[in-house]
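Everything on this sheet refers to the single structure shown next.
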Amino acid sequence: ETGVTQTPRHLVMGMTNKKSLKCEQHLGHNAMYWYKQSAKKPLELMFVYNFKEQTENNSVPSRFSPECPNSSHLFLHLHTLQPEDSALYLCASSQSGGRDEQYFGPGTRLTVT
Amino acid sequence: QKEVEQNSGPLSVPEGAIASLNCTYSDRGSQSFFWYRQYSGKSPELIMSIYSNGDKEDGRFTAQLNKASQYVSLLIRDSQPSDSATYLCAGAFNTDKLIFGTGTRLQVFP
C-alpha cells in the first residue's frame, strides 16, 4: 500500500446507525486531516491531528467523533447522522503542520438515508 | 479571516491553448501555495507547490506567485481534454491548516 488509503470507499447508513471511517497513511507523515466535501461546495476542514494530538475542531457536530491512535491511522466515528451529512469524506496527511503539502486519500462517499 | 478566492468558472479553452487559472488571497502572511486538480467524483491531487515569488515550471504546468499583489496563478500549456477538472488553490498562512479556494472548473474542448 502506498500513499493515503481510506476504507470503505462507499457507505450507506441509516440515521440510527453507527459506523466508522478509516484512514491510513504510508508516507511517514505526522499530521492528518478530515475534510468534508458536499456537492458543489468547497472543501470543509473538520479536524486536524498533529503528532496524534487534535489541534483543530472546526465546529463539527458531536455526531462526528475523530480518533487518532497513532500518526499513521485516523478514524471518524459516525452516529445518528442526518441526510445533510451525505458527502465525500476525505482524509489527508502532511509531513507536519499546515504549511506542508497535503496528500489526499481517495475518499469515502457517504450516503445517509 | 484568511481567504483564498477563485473564479468558479467554467473556464473553457480549446485543445492546445494555454489555460490560465488565477487565485487571490487576503493575508499577506502567506507562506506557501499549492495547486490541486480534482476530477469529478475523485479526491484532490497535488500538482504544484510554490513557496517564493516568481515562476515555477513542471512539465506543462507553471505556477506563478506574486506576494506583493497577493495572487497566485497556474498556467497549463498545450491544454488537453484530460486536463478538464476542477483546480483548487490552497494557501498556508502561519496556521496548522491549509485554506482552500472554492475551485475553478476547467473545460478543454477538442
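Line by line, the protein sequences are chains U and R.
Residue numbers for the first sequence follow this note's numbering, so the first one is 1 and each next one is one higher.
Residue numbers for the second sequence follow this note's numbering, so the first one is 1 and each next one is one higher.
Note that the Cβ used here is the ideal one computed from N, Cα and C, for glycine as well.
Can you tell which of R:R105, R:V108, R:L106 and R:L98 has the C-alpha that lies nearest to the C-alpha of Y33 of chain U?
Among R:R105, R:V108, R:L106 and R:L98, the Cα nearest to that of Y33 of chain U belongs to R:L98.
Work out the CA separation of A92 of chain U and L11 of chain R for me, nearest whole Å.
Cα to Cα, L11 of chain R sits roughly 27 Å from A92 of chain U.
If the criterion is Cβ atoms closer than 7 Å, does the pair F61 of chain R and S49 of chain R meet it?
Not a contact, by the Cβ cut-off of 7 Å.
Please confirm whether V13 of chain R and S79 of chain R have their CB atoms less than 7 Å apart.
Contact: yes.
Is there a Cβ from chain R that is less than 7 Å from the Cβ of T55 of chain U?
Judged by the 7 Å Cβ criterion, T55 of chain U is in contact with chain R.
Since L21 of chain U and T108 of chain U are thought to touch, with beta carbons under 8 Å apart, how far apart are those beta carbons, to the nearest angstrom?
With a Cβ gap of about 5 Å, L21 of chain U and T108 of chain U count as contacting.
Spatial neighbours of M46 of chain U within its chain, please: CB distance less than 7 Å, with the 5 preceding and 5 following residues excluded, ordered by chain position.
So the list reads W34, Y35, K36, N58, V60 and F64, once near-sequence residues are dropped.
What are the residues that DSSP puts in a beta bridge with S20 of chain U?
In DSSP, S20 of chain U forms a bridge with U:H77.
Do I18 of chain R and L65 of chain R have their beta-carbon atoms positioned less than 7 Å apart in this structure?
Contact: no.
At a Cβ threshold of 7 Å, is S8 of chain R touching chain U?
No - not a single Cβ of chain U is within 7 Å of the one on S8 of chain R.
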